[in-house]
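Student: Sequence positions in the sequence shown follow numbering that gives the first Met the number 0 and run 0 to 150.
Don't be surprised by glycine CBs; every beta carbon is placed ideally from N, CA and C.
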Amino acid sequence: MAHYFSESEIDAFKECFFFHARKGYITTEGELSIIIRSLGYCVTKEEVKAYLDKISAVDGKIDFASFLNIMHEHSQVEDKQKELKAALVAHDTEKRGYVDAAQLKNILTTMGEKLTAMEVESLFREAGMQSTGQINISKFVDTVMTPQPDY
Numbered sequence: 000m001a002h003y004f005s006e007s008e009i010d011a012f013k014e015c016f017f018f019h020a021r022k023g024y025i026t027t028e029g030e031l032s033i034i035i036r037s038l039g040y041c042v043t044k045e046e047v048k049a050y051l052d053k054i055s056a057v058d059g060k061i062d063f064a065s066f067l068n069i070m071h072e073h074s075q076v077e078d079k080q081k082e083l084k085a086a087l088v089a090h091d092t093e094k095r096g097y098v099d100a101a102q103l104k105n106i107l108t109t110m111g112e113k114l115t116a117m118e119v120e121s122l123f124r125e126a127g128m129q130s131t132g133q134i135n136i137s138k139f140v141d142t143v144m145t146p147q148p149d150y
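Pasting the structure below:
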């Protein structure tokens with residue numbers, strides 16, 4: 000599975016997995032769910048149960064290699080960029096590919112993982128977008144979802 004992920008992704012997966020899997024393996028749905036969610040993925044209870052049933056059928060344990068298989072399978076299902084774009088397009092009543100900045104601020108401060116008004120302003124500033132007027136949905140999603148260098 001190592002060829003499906005970058006070295007930095009594997010390092011993040013490993014750090015998170017072993018933080019929660021002190022024995023080197025996990026055995027419960029709760030543990031698996033926490034680890035996957037800690038990595039920023041959204042997983043349902045049904046998906047967790049299916050992953051656990053499939054992988055742990057042999058000895059009831061999920062080691063890191065098995066966890067990488069699960070993450071590969073789940074990453075094929077979840078496309079955050081596509082989902083974010085679809086969510087914003089749902090607010091584009093005129094189907095022009097734009098959403099009003101005030102409406103986007105409202106969405107970001109009231110739904111899901113709520114951001115503060117200052118965080119939204121900072122996000123707009125970092126994305127090089129005006130905090131008033133119309134925001135191009137594709138450009139916004141591409142900008143926000145592109146990882147920033149950490150140096």
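Smallest Cα separation from S153: which of E45, S5, T145, F17?
Tutor: This structure leaves residue 153 out entirely; the chain is present only between 0 and 150.
Student: Relative to the C-alpha of I34, which residue among K53, A11, D52 is closest?
Tutor: The candidate whose alpha carbon is nearest that of I34 is A11.
Student: Decide if K104 is buried, meaning its Cβ has at least 16 other Cβ atoms within 10 Å, or exposed.
Tutor: Counting Cβ neighbours within 10 Å, K104 comes out buried, since at least 16 surround it.
Student: By Cβ distance below 8 Å, which residues in the same chain neighbour T115 in space, the five residues on each side in sequence not counted?
Tutor: The answer, listed in chain order, is T108.
Student: Hey, is S137's beta-carbon within less than 8 Å of any beta-carbon in chain C?
Tutor: Here there is only one protein chain, and chain C is not present.
Student: What number of angstroms, rounded off, separates the C-alpha of Y40 from the C-alpha of G29?
Tutor: Approximately 15 Å, taken between the alpha carbons.
Student: One question on the structure: do I9 and L31 come within less than 8 Å of each other, judged by their Cβ atoms?
Tutor: For I9 and L31, no; Cβs fall outside 8 Å.
Student: From the DSSP output, in three-state form, read off V42 for me.
Tutor: It is coil, neither helix nor strand.
Student: What's the gap between the Cα of Q133 and the Cα of K79?
Tutor: For Q133 and K79, the distance between alpha carbons rounds to 23 Å.
Student: May I have the straight-line CA-CA distance separating E46 from K84, to the nearest angstrom?
Tutor: Going from the Cα of E46 to the Cα of K84 covers about 23 Å.
Student: Ignore the nearest five residues each way along the sequence and tell me which others in K48's own chain have a CB closer than 7 Å to its CB.
Tutor: Correct list, in chain order: E28.
Student: Check whether the Cβ atoms of A100 and T131 lie closer than 8 Å to each other.
Tutor: In contact: A100 and T131 (Cβ atoms closer than 8 Å).
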